[in-house]
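The structure appears below as structure tokens.
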Amino acid sequence: MKKSLLLVVLVLGLVLTGCGSENNQSPSENGLEKVVIGASPSPHEEILESLIEDFKDQGLDVQIISFDDYVQPNLALADGDLDLNYFQHKPYLDEFCKDHNLELTSLGPVHIEAMALYSSKYTSLADLPDGAEILIPNDSSNGARALLLLAAEGIIELADPENIKATEEDIISNPKNLKFTALDAVNIARTYTDVDGGIINANYAIDVGLDPSKDSLLIEGKNSLYGNLLVARTGEENKEAYQKVLKVLHSDHARQIIEEKYKGNISPAF
24 MKKSLLLVVL
34 VLGLVLTGCG
44 SENNQSPSEN
54 GLEKVVIGAS
64 PSPHEEILES
74 LIEDFKDQGL
84 DVQIISFDDY
94 VQPNLALADG
104 DLDLNYFQHK
114 PYLDEFCKDH
124 NLELTSLGPV
134 HIEAMALYSS
144 KYTSLADLPD
154 GAEILIPNDS
164 SNGARALLLL
174 AAEGIIELAD
184 PENIKATEED
194 IISNPKNLKF
204 TALDAVNIAR
214 TYTDVDGGII
224 NANYAIDVGL
234 DPSKDSLLIE
244 GKNSLYGNLL
254 VARTGEENKE
264 AYQKVLKVLH
274 SDHARQIIEE
284 KYKGNISPAF
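Sequential numbering from 24 applies to the sequence shown in this note's numbering.
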């Protein structure tokens, strides 16, 4: 009897453990398949929210968790707390996975956000004084992107103007003697007014009421390299539910929403 009871306990323990380890992709109370997506508030969460009914039409109950930084969404995805995330471009994804030994894979790009230089003190690039302090993102991919933006306008010169891993050490000419201060990307939008200017990702600029096409001193052109991606754990990118999410994000309705709501500040990447 004791051995039989022990066997029952062990079996029940294994069943309960198995149930507890299931990922977020499971049936919801409404009969739809639940998919949990981590996203930046703007525009990623806004775009997803605008397509909720489209997801339902595909049999999906998409639940969105908002993140205001560029670190936690990838860690949460890798840990299984999310099914997908949607907030980053490929250079950032590649660098983050390398630095943190993660296996995450893009399902495809959805939109492109223009990075731009903003200033509350000056209205043109020519007005920037000698020795001006400019805030740039402190992560390597977006920091390099900021330098490439300045180099493309001739404000600085880089040893390789196409190096997506450029750092300040790669600057070979800086006529205005600009001083660069690196901060978390989210904090630049909140503090750029304290210095001469800041290079801000479009989503964070929009969050603080800036219009990239109207309020910036300098804005980058469209570049598919920096399309914001839908990302899954490697090996799960072809799951039917995840491909349905991508299908909705690549739909004509999604294109219409992006074009009409963001009026060129953010553009479809599909």
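The beta-carbon is built from N, C-alpha and C at its ideal position, and this holds for glycine as well.
When burial is assigned at 16 or more other CB atoms within 10 Å of the CB, is residue 261 buried or exposed? Position 238 of the sequence shown, counted from the start, is the residue given in the question as residue 261. Residue 261 comes out exposed.
When we look at the beta-carbon of residue 97 and count the other beta-carbons within 10 Å, is it buried (16 or more) or exposed? Looking up residue 97 in the sequence shown gives position 74. By the 10 Å Cβ count, residue 97 comes out buried.
Would you call residue 279 buried or exposed, if buried means 16 or more other Cβ atoms sit within 10 Å of its Cβ? Within the sequence shown, residue 279 is the residue found at index 256, counting from 1. Residue 279 comes out exposed.
Give the secondary structure of residue 173 by DSSP, where H, G and I count as helix, E and B as strand, and everything else as coil. Against the sequence shown, residue 173 aligns to sequence position 150. Correct three-state label for residue 173: helix.
Quick one: what's got a C-beta closer than 8 Å to residue 270's C-beta in the same chain, skipping five residues either side? Indexing the sequence shown from 1 puts residue 270 at position 247. Answer for residue 270: 81, listed in chain order.
Looking at residue 88 and residue 158, is the spacing between their C-beta atoms short of 8 Å? Against the sequence shown, residue 158 aligns to sequence position 135. Against the sequence shown, residue 88 aligns to sequence position 65. No, Cβ-Cβ distance for residue 158 and residue 88 is not below 8 Å.
Identity of the residues DSSP links to residue 194 by a beta bridge: The sequence position of residue 194 within the sequence shown is 171, counting from 1. DSSP, once it has assigned bridges, lists 181 as partnering residue 194.
Tell me the rounded alpha-carbon separation between residue 189 and residue 123. On the sequence shown, residue 189 is found 166 positions in, with the first residue counted as 1. On the sequence shown, residue 123 is found 100 positions in, with the first residue counted as 1. Taking the straight line joining both Cα atoms gives about 20 Å.
For residue 131 and residue 100, which I take to be in contact (beta-carbon distance under 8 Å), what is that distance rounded to the nearest angstrom? Counting from 1 along the sequence shown, the entry for residue 131 is found at position 108. Counting from 1 along the sequence shown, the entry for residue 100 is found at position 77. Residue 131 to residue 100, Cβ: 16 Å. No contact.
Close-in-space but distant-in-sequence residues of the same chain around residue 142 (CB under 7 Å, 5 per side omitted): Here residue 142 refers to the residue found at position 119 when the sequence shown is read from its first residue. Here the set comprises 219, 220, 240.
Hey, residue 291 and residue 139: beta-carbon distance below 8 Å or not? Here residue 291 refers to the residue found at position 268 of the sequence shown. Here residue 139 refers to the residue found at position 116 of the sequence shown. For residue 291 and residue 139, no; Cβs fall outside 8 Å.
To which residues of the same chain is residue 205 closer than 8 Å at the C-beta, ignoring the five residues directly before and after it? Position 182 of the sequence shown holds residue 205. Excluding residues within five positions, the ones whose Cβ falls inside 8 Å are 158, 159, 160, 161, 166.
Return the chain-ordered list of same chain residues with a C-beta closer than 7 Å to the C-beta of residue 55, the five sequence neighbours on each side being excluded. Start at 1 with the first residue of the sequence shown, and residue 55 comes out as number 32. So the list reads 79, 82, 83, 84, once near-sequence residues are dropped.
Limits of the unbroken beta strand (DSSP E) element including residue 132: Within the sequence shown, numbered from 1, the residue matching residue 132 stands at position 109. Per DSSP, residue 132 belongs to the beta strand (DSSP E) from 127-136.
In this structure, does DSSP put residue 90 in helix, strand or coil? Along the sequence shown, read from residue 1 onward, the residue named residue 90 stands at position 67. Reduced to three states, the DSSP call for residue 90 is coil.
Hey, residue 118 and residue 224: beta-carbon distance below 8 Å or not? Position 95 of the sequence shown, counted from the start, is the residue given in the question as residue 118. Position 201 of the sequence shown, counted from the start, is the residue given in the question as residue 224. Not a contact, by the Cβ cut-off of 8 Å.
Of the listed residues 164, 249, 201, nearest to residue 154 (C-alpha basis): Along the sequence shown, read from residue 1 onward, the residue named residue 154 stands at position 131. Among 164, 249, 201, the Cα nearest to that of residue 154 belongs to 201.
Based on the DSSP output, what are the partners of residue 156 in its beta bridges? Residue 156 sits at position 133 when you count from the first residue of the sequence shown. Answer is 202.
Please state if the CB of residue 212 and the CB of residue 107 are separated by a distance shorter than 8 Å. On the sequence shown, residue 107 is found 84 positions in, with the first residue counted as 1. On the sequence shown, residue 212 is found 189 positions in, with the first residue counted as 1. Cβ atoms of residue 107 and residue 212: not closer than 8 Å.
Jot down the residue ranges of each uninterrupted alpha helix (DSSP H) in the segment 236-266, minimum 4 residues, whole runs only, in chain order. none
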